[in-house]
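Undergrad: Please read through the structure below; I'll follow up with questions.
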Amino acid sequence: MTYIVNDNCIKCKLMDCMEVCPVDCFYEGENMLAIKPDECIDCGVCEPECPVDAIKSDIEKGASDWVEHNTKYSDLWPNITKKRPEDVPQDQEKWRGVKGKLKYFSEKPGKGS
């Protein structure tokens with residue numbers, strides 16, 4: 000079992016989740032985060048920290064589709080361990096709860112820590 004980040008994170012990228020991660024398994028893209036499944040220790044402390052419900056266990060319905068996505072982008076993007084409020088999208092509140100955000104996904108890497 001592992002945890003994944005799904006499309007609820009796209010254009011929100013609040014970063015509260017990665018601050019509590021004891022193994023620093025979060026990676027930063029331009030407009031979302033990813034969890035590296037091979038590094039995740041399945042502790043689950045990140046899940047309740049996400050205010051947009053973007054973190055799920057891979058055994059939850061629909062989450063398995065996101066394992067490959069998280070694996071791919073955590074291999075490409077820089078690791079992030081510190082929240083940078085200036086990098087939280089200023090318009091993130093308008094994106095909360097929007098469905099079908101995958102079309103807004105950016106493959107570009109973030110700044111990392």
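Here numbering that gives the first Met the number 0 is used: the first residue of the sequence shown is 0, the next is one more, and so on.
The C-beta atom is built at its ideal place from N, Cα and C for all residues, glycine as well.
A quick note: this is a predicted structure, and the numbers were derived from the prediction, not measured.
So who's on the other strand from I34, going by DSSP bridges?
TA: In DSSP, I34 forms a bridge with F25.
Undergrad: Given that a residue counts as buried once 16 or more other Cβ atoms are within 10 Å of its Cβ, and exposed if not, what is D90?
TA: That one is exposed.
Undergrad: Tell me whether the beta-carbon of A53 lies closer than 8 angstroms to the beta-carbon of C20.
TA: Result no, Cβ atoms of A53 and C20 do not sit closer than 8 angstroms.
Undergrad: Where D6 and M14 are concerned, what is the direct C-alpha to C-alpha distance, given to the nearest angstrom?
TA: Their Cα atoms are separated by approximately 14 angstroms.
Undergrad: Using alpha carbons as the reference points, say which of V4, C11, K60, Y2 lies closest to W94.
TA: Here the closest residue by C-alpha is C11.
Undergrad: Taking just the CA atoms, how far does S56 sit from G43?
TA: Using only the alpha carbons, I get a separation of about 8 angstroms.
Undergrad: Report, in whole angstroms, the separation of the C-beta atoms of V22 and E46, which I expect to be a contact under 8 angstroms.
TA: Between E46 and V22 the Cβ distance is about 15 angstroms, and since that is not below 8 angstroms, they are no contact.
Undergrad: So V78 packs on S112, CB below 8 angstroms; how close in whole Å?
TA: Checking the sequence shown, residue 78 turns out to be Asn, not Val. Contact flag correct, Cβ pair sits at about 6 angstroms.
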